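Note that our numbering has the sequence shown beginning at 11, numbered continuously upward.
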Amino acid sequence: MTVNRSYRPCFVPRGPVTILYGNCMAEGGSRKVTTYYNETQWRNPQDESDDDSDTSALPSILVVGNVIVISDIISSRCIFLAILIFLSVAGNILVCLAIYTERSLRRIGNLFLASLAIADLFVASLVMTFAGVNDLLGYWVFGAQFCDTWVAFDVMCSTASILNLCAISMDRYIHIKDPLRYGRWVTRRVAVGTIAAIWLLAALVSFVPISFGLHRPEQPLIFEDNGKKYPTCALDLTPTYAIVSSCISFYFPCIVMIGIYCRLYCYAQKHVRSIRAVTKTGEITEKQRYKSIRRPKNQKKFKVRHLHHSSPYHVSDHKAAITVGVIMGVFLICWVPFFCVNIVAAFCKTCIGGQTFKILSWLGYSNSAFNPIIYSIFNKEFRDAFKRILTTRNTWCCSQELGNIHPRNSDRYVTDYAAKNVVMNSGRSSADLEQVSAI
11 MTVNRSYRPC
21 FVPRGPVTIL
31 YGNCMAEGGS
41 RKVTTYYNET
51 QWRNPQDESD
61 DDSDTSALPS
71 ILVVGNVIVI
81 SDIISSRCIF
91 LAILIFLSVA
101 GNILVCLAIY
111 TERSLRRIGN
121 LFLASLAIAD
131 LFVASLVMTF
141 AGVNDLLGYW
151 VFGAQFCDTW
161 VAFDVMCSTA
171 SILNLCAISM
181 DRYIHIKDPL
191 RYGRWVTRRV
201 AVGTIAAIWL
211 LAALVSFVPI
221 SFGLHRPEQP
231 LIFEDNGKKY
241 PTCALDLTPT
251 YAIVSSCISF
261 YFPCIVMIGI
271 YCRLYCYAQK
281 HVRSIRAVTK
291 TGEITEKQRY
301 KSIRRPKNQK
311 KFKVRHLHHS
321 SPYHVSDHKA
331 AITVGVIMGV
341 FLICWVPFFC
351 VNIVAAFCKT
361 CIGGQTFKIL
371 SWLGYSNSAF
381 NPIIYSIFNK
391 EFRDAFKRIL
401 TTRNTWCCSQ
411 ELGNIHPRNS
421 DRYVTDYAAK
431 NVVMNSGRSS
441 ADLEQVSAI
């Protein structure tokens, strides 16, 4: 087997292990990495092919004694995973700091957003970090006992993230559907109790069955290479646990979210049509008044502005469609493939390839990086808070306690439809509608 590549100088750090990068020359060019390819086999637990001529099947790490050769594949993958983890950690930390430091963001609805950010932060720091090392090396180096702990954190944090998304959707629906009773129904105690129930359910789904060994078949997760055994750590689940955990963690919350957002969209469309009807009625009234007034000959003519042409509510159709589409679209794209494959893999171990399962797992993890963008950066208050945090030193030192939450302070991202409802029911004229602006 030969590798025809151009070579570049290697970076060889100090220490007991020498690291060589692919497409390079070691020790001043006296020995090319191609020689290592010819003398040693690559360690690849997922590659079951015996065809040495297929260089595309080569993994990213090659071990020769105390020499580790790292190819360009692992370099690009490492950079990509590092960027994804960094965005997830930084984005969710910014969300937590914004809610903690900005008094205007200390609202009941944002407690669910803070819980979501904490869950996604755990996914990035406790799950994605070790998953990246495991995928890049090809085997588990952190011990068998920590493997079960890592799998439990994986299931718990992912479940908590999805359940928090469901709680946010319910909170928005209640606020838009009945804004006058929202402050009485959704109190701080109710919100904290809901968040505690979410994390308790996530822990019961993950740590309890995994601690009793009910999550995986009774067979060692190892692979052999030249007579040596290497441990692996993967989400190898039993069919029963895969179905139960997938239903609790994803399918039931997903059905609830789809139903809520569909009703939310229909409710928004109904209010948009009502606003149009009220606006049109106001125009007719103004025109009748205009015709009934006799103007002097020297008086300048004035025009009645057609409010429905400039009304900001005419774009609400598109806003509602885009918002609902982004929220549900990103969530479904990230998690539906993984949970479908997760159940299939539990019944048929050979039906899903190892690389496919890894890619879909990381696709689900990436939802933790998208959540701060969807639920926070699209909100002007959070954007302004992020700017102040990033441009001001020690912003959080001057903040007040988080407990100063005003239950009746409405969420800005949903008050546009509530404002329309109040204006419509109060019977105001079209001139009053002109003063109500969407956020």
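Note that beta-carbon positions come from the ideal geometry of N, C-alpha and C, so glycine has one too.
From a predicted model like this one, the values you see are computed outputs, not experimental measurements.
query	result
Contact under 8 angstroms by Cβ, tyrosine 183 with leucine 121	no
Cysteine 106 - DSSP class collapsed to helix/strand/coil	helix
Residue-level contact to chain C via CB, glycine 119, 8 angstroms cutoff	The chain inventory of the structure shown lacks chain C, comprising one protein chain alone.
Cut-off 6 angstroms between Cβ atoms - residues of its own chain near proline 382, not counting five sequence neighbours on either side	Gly101, Asn102 and Val105
Sequence-distant residues of its chain with Cβ nearer than 8 angstroms to serine 171 (five each side left out)	Leu126, Ala129, Asp130, Val133, Asn377, Ser378 and Asn381
Cβ pair alanine 395, leucine 136 closer than 8 angstroms	no
Where lysine 239 sits in the DSSP three-state scheme	strand
Endpoints, alpha helix (DSSP H) assigned at lysine 359	Lysine 359 -> no alpha helix (DSSP H), and no H or E assigned at all.
Runs of alpha helix (DSSP H) wholly within the region 363–388 (minimum 4 residues, chain order)	364–375 and 377–382
Closest residue to serine 168 among Leu373, Arg398, Lys390 and Leu400 (Cα-Cα distance)	Leu373
Terminal residues of the alpha helix (DSSP H) in which serine 135 lies	Counting along the chain, serine 135 falls outside any alpha helix (DSSP H), and DSSP gives it neither H nor E.
For arginine 198, the three-state DSSP class (helix, strand or coil)	helix
Residues of its chain near alanine 355, where Cβ-Cβ distance is below 6 angstroms and the 5 sequence neighbours each way are ignored	Ile362
Short Cβ contact (8 angstroms threshold) for valine 215 with serine 284	no
Own chain, CB closer than 8 angstroms to leucine 97, minus 5 neighbours either side, in chain order	Ala379
Check: leucine 94 C-beta below 7 angstroms from any heavy atom of the ligand PLP	Inclusion of the ligand PLP in the displayed structure is not the case, the ligand content being empty and no account of it being possible.
Nearest-angstrom Cβ-Cβ length linking leucine 175 and phenylalanine 341, presumed shorter than 8 angstroms	6 angstroms
DSSP state of arginine 283 mapped onto helix, strand, coil	helix
Reference phenylalanine 217; option with closest CA among Lys390, Val266, Gln155 and Gly203	Gln155
Distance between phenylalanine 163 and aspartate 181 (C-alpha atoms, nearest Å)	26 angstroms
Residues bridged to arginine 182 [DSSP beta-bridge criterion]	Note: arginine 182 sits in no beta bridge, so no partner.
Beta-carbon spacing of tyrosine 385, isoleucine 178 below 8 angstroms	yes
Nearest to tryptophan 6 (by Cα), restricted to the options Ile118, Thr366 and Leu245	With the chain covering 11 to 449 only, the question about residue 6 has no answer from this structure.
Candidates Ser371, Leu210, Ile353 and Thr111, of which the one nearest proline 249 by Cα	Ile353
Beta-carbon spacing of isoleucine 205, glycine 142 below 8 angstroms	no
Reference phenylalanine 152; option with closest CA among Tyr110, Cys243 and Ser86	Cys243
Between the CA atoms of leucine 190 and phenylalanine 367 - distance to the nearest angstrom	47 angstroms
Nearest-angstrom Cα separation, counted from threonine 197 out to valine 99	29 angstroms
Buried versus exposed, by CB contacts within 10 Å (16 or more), valine 202	exposed
Environment of glycine 223 [buried if 16+ CB atoms lie within 10 Å]	exposed
Proximal residues to phenylalanine 348 (C-beta, below 7 angstroms), its chain only, five neighbours per side dropped	Leu370, Ser371, Leu373 and Gly374
Burial state of glutamate 112 (16 or more Cβ within 10 Å)	buried
Other residues of its chain near tryptophan 150: CB distance less than 7 angstroms, five sequence neighbours each side excluded	Asn144, Cys157, Pro241, Thr242 and Cys243
Backbone secondary structure at arginine 116 - three-state DSSP	coil
Distance CB(tyrosine 277)-CB(isoleucine 186) smaller than 8 angstroms	yes
Exposure of glycine 339, with buried meaning 16 or more beta-carbon neighbours within 10 Å	exposed
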